[in-house]
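In this note's numbering, the protein residues as written are 1 to 111.
Note that beta-carbon positions come from the ideal geometry of N, C-alpha and C, so glycine has one too.
Note that the structure is a prediction, hence the values are computed from the model and not measured.
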Amino acid sequence: MPIQYYIYLALSLFSIGVVGVLTRRNAIIIFMCIELMLNATNLLLVAFSKMHHAIALASNAATQVGIEGQLFVFFIMVVAAAEVSVGLAIIVMMYRNTHSVDINFLNRLKN
1 MPIQYYIYLA
11 LSLFSIGVVG
21 VLTRRNAIII
31 FMCIELMLNA
41 TNLLLVAFSK
51 MHHAIALASN
61 AATQVGIEGQ
71 LFVFFIMVVA
81 AAEVSVGLAI
91 IVMMYRNTHS
101 VDINFLNRLK
111 N
């Protein structure tokens, strides 16, 4: 499969995530859109890693070149899982205090 398909898919997923972050006011939906942007970048990292590995494999059958992107994606997913747990805990505490997950309501908490 050509690399352009992965680039177009990742670009569309990232664009949906950016539009969701900029237009929505629900904290959970904004959080999901941020995760969608993270997954779009992970998709590109894996696609480029696969392409780089295929090129290196053509010249040397026993090479391990090109798998660094996939390892990097693994660590990004681990950090994203920790981010999700902390972010959802913050959203739950916000809901307990304000009985709303609307981010515009957070401006009233400053005073």
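Assigned exposure category for residue i - 16 Cβ within 10 Å defines buried
| i | result |
| --- | --- |
| Ser-15 | exposed |
| Leu-106 | exposed |
| Asn-42 | buried |
| Phe-31 | buried |
| Leu-38 | buried |
Which residues DSSP lists as bridging residue i, in chain order
| i | result |
| --- | --- |
| Asn-26 | Asp-102 |
CB contact flag (residue i, residue j, <8 angstroms)
| i | j | result |
| --- | --- | --- |
| Ile-29 | Gly-17 | no |
| Ile-90 | Arg-25 | no |
| Ala-40 | Ala-82 | no |
| Ala-27 | Met-94 | yes |
| Leu-45 | Leu-13 | no |
| Thr-63 | Ala-54 | no |
Residue i (DSSP reduced to helix, strand or coil)
| i | result |
| --- | --- |
| Asn-97 | helix |
| Thr-61 | In the sequence as displayed, the identity of residue 61 is Ala instead of Thr. Coil, per DSSP. |
| Met-1 | coil |
| Ile-34 | helix |
| Gly-66 | coil |
Touch test, the stretch 94-110 against the stretch 43-50, Cβ-Cβ under 8 angstroms, three pairs minimum: no
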